[in-house]
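Written below as structure tokens is the structure these notes are about.
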Amino acid sequence: MKQGRNHYRIEDHIDTRADQRAVMGRVLAPKTWPEWQAEIKTVEGPERMEDGDQVSGDAELVGFRVQGRSDAHVVDDELFIEDVIVGVRMVITYQVKPNGSGTRITRTLEADLPGGILGRLLSIALRARLRKMQKRLLRDLAAQAEADA
1456 MKQGRNHYRI EDHIDTRADQ RAVMGRVLAP KTWPEWQAEI KTVEGPERME DGDQVSGDAE
1516 LVGFRVQGRS DAHVVDDELF IEDVIVGVRM VITYQVKPNG SGTRITRTLE ADLPGGILGR
1576 LLSIALRARL RKMQKRLLRD LAAQAEADA
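For what it's worth, our numbering labels the leading residue of the sequence shown as 1456, then goes sequentially.
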């Protein structure tokens, strides 16, 4: 992903009492994504993501229902990197590492947002939505992983 003028990157983390395996179980199971990512409405894909797998489905982003796709690039016990297209292309990274009392989940989202006058206006709304979405989905992912344990 290029890092030009319209490049956007956010990174957040949350600590949870859930163990690493419970968290990664949700991250790598596409059927659970709509449960902790409110924007995702439907998914079709494998039971558990592996390198090279693809998931497709519908999402709602800034008021528009769009078809999306996720391609898994790195999948292991601590790391999941996916290339996502839902109107815009995003690279999303989940890093899940044990800490003293459970697990730290770090999520990074990078995107090249639209340019031009109308694109900049859309980008303002999109940035705000992505920040809010990221905080909520981390909180929901942590809570659900704790309930799974």
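Beta carbons are placed, not taken as given, at the ideal position from N, Cα and C, and that holds for glycine.
Once DSSP output is grouped into helix, strand and coil, what is the label at residue i?
i	result
Arg-1594	helix
Taking DSSP's pairing of strands, which residues face residue i in a bridge?
i	result
Glu-1565	Arg-1464 and Val-1546
Ser-1578	BP columns for Ser-1578 are empty, so no partner.
Ala-1514	Ile-1495 and Val-1521
Lys-1552	Arg-1559
Glu-1537	Ala-1527 and Ile-1547
Asp-1470	Arg-1559
Return the first residue and the last residue of the beta strand (DSSP E) that residue i is part of.
i	result
Ala-1477	Element bounds for Ala-1477: not the beta strand (DSSP E) but the alpha helix (DSSP H), 1475-1482.
Glu-1505	Neither: Glu-1505 is in no beta strand (DSSP E) and is coded neither H nor E.
Asp-1532	Note, Asp-1532: premise wrong, no beta strand (DSSP E); not H, not E.
Give every residue of the same chain whose Cβ lies closer than 7 Å to the Cβ of residue i, excluding the five residues on either side of it in the sequence, and list them in chain order.
i	result
Val-1541	Ala-1514, Leu-1516, Val-1521 and Gly-1523
Ala-1583	none
Along the chain, where does the alpha helix (DSSP H) containing residue i start, and where does it finish?
i	result
Glu-1490	1488-1491
I believe residue i touches residue j by the beta-carbon criterion, under 8 Å. Please report the beta-carbon distance rounded to the nearest angstrom.
i	j	result
Ala-1484	Arg-1503	6 Å
Val-1543	Leu-1576	Going by Cβ atoms, the distance from Val-1543 to Leu-1576 rounds to 14 Å, so no, they are not a contact pair.
Leu-1581	Leu-1564	So it is not a contact: roughly 11 Å between Cβ atoms.
Ala-1597	Ile-1469	5 Å
Arg-1562	Ile-1547	7 Å
His-1473	Ala-1600	Inspection of the sequence shows that residue 1473 is occupied by Ala rather than by His. Confirmed, about 4 Å.
Please list, in chain order, all residues of the same chain as residue i whose beta carbon is under 6 Å from its beta carbon, the five residues on each side excluded.
i	result
Ser-1511	Glu-1499 and Arg-1524
Distance cutoff 9 Å, beta carbons only. Does residue i sit that close to anything in chain D?
i	result
Val-1510	In the displayed structure, chain D is absent; only one protein chain is listed.
For residue i, collect the residues of the same chain with a Cβ closer than 8 Å to its Cβ; drop the 5 residues on either side in sequence, then sort them by chain order.
i	result
Asp-1506	Ala-1527, His-1528, Val-1529 and Val-1530
Lys-1496	Pro-1489, Gly-1512, Asp-1513, Ala-1514, Glu-1515 and Arg-1520
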